[in-house]
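Student:
In my numbering, the protein residues as written are 1008 to 1275.
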């Protein structure tokens, strides 16, 4: 028995009509699809934010799920429309770095340029490839169409610069990648690197004017309104304000957190 196809949707469309139009195209082609909204509240044109949201889908959705992502500031230009087979799933959207995490997760990933006009909604709008190209392609893939049949192979899919932690003496240096709706700051520092550095010693963490001593297992281990450092569900270091908004506390805008320096060392 064939399982019900799953298609997730990620975009910077917000609460307007555009998400509904994507779903209408999908259901017109693959009416049995189960549609899951992953995120639509990304900042406009925030490709990096979209890539980070999609990273969280890896290892969560079942094998064969199709991830449709539309954060597409280059729509209508020469940027490529792409379908990708990686990490046991399929990914459809613009070739602009949205799928960096999937590419990093799977060295055997295969990418294809979507060129088959027969599967696109016609006429194709130069300003809404999400509806006419990507949604249609995702629906056909969910119905079982082979990804390699969509068009020629892409051997150089776009990858975002994905900042990596580095060690400097007795300190581990990282960056803030993004913030969530609660104002928590997610860094690029994985638990394994932090724990290896500390070797059982208490931590001292600095970010801008913030200094946090010690690591908590949960937000609530700090007093209300006090900063806390935890490992989040992705096993990355996260900085938060218990029952508060750390991003606002530091005077930061939602789009202004990427690249903030984070320093972790033993508190000796």
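Cβ coordinates follow ideal geometry from the N, Cα and C atoms, glycine included.
May I ask which residues mark the beginning and end of the beta strand (DSSP E) holding residue 1077?
Tutor: Bounds of the beta strand (DSSP E) holding residue 1077 are 1073-1077.
Student: Go ahead and pull the three-state DSSP assignment for residue 1065.
Tutor: coil
Student: In chain order, what residues of the same chain have a beta carbon less than 7 Å from the beta carbon of residue 1200, not counting five sequence neighbours either side?
Tutor: 1172, 1179
Student: Curious, which full-length alpha helix (DSSP H) runs of at least 4 residues does the region 1180-1213 contain?
Tutor: Scanning the region 1180-1213 for uninterrupted alpha helix (DSSP H) segments of 4 residues or longer gives 1198-1205, listed from N- to C-terminal end.
Student: Taking DSSP as the reference, what is the three-state secondary structure of residue 1111?
Tutor: helix
Student: Does the beta-carbon of residue 1067 have 16 or more other beta-carbons within 10 angstroms, so that it is buried, or is it exposed?
Tutor: exposed
Student: Provide the residue(s) that pair with residue 1100 in DSSP beta bridges, ordered along the chain.
Tutor: 1089
Student: What whole-angstrom Cβ distance do residue 1097 and residue 1148 have, given they're in contact under 8 Å?
Tutor: 5 Å
Student: Pick out whichever of 1095, 1104, 1177, 1219 has its Cα sitting closest to the Cα of residue 1115.
Tutor: Sorting 1095, 1104, 1177, 1219 by C-alpha distance to the C-alpha of residue 1115 places 1095 at the top.
Student: Can you give the Cα-Cα distance for residue 1205 and residue 1160, rounded to whole angstroms?
Tutor: 45 Å
Student: Kindly identify the DSSP beta-bridge partner or partners of residue 1044.
Tutor: DSSP lists 1016 as the beta-bridge partner residues of residue 1044.
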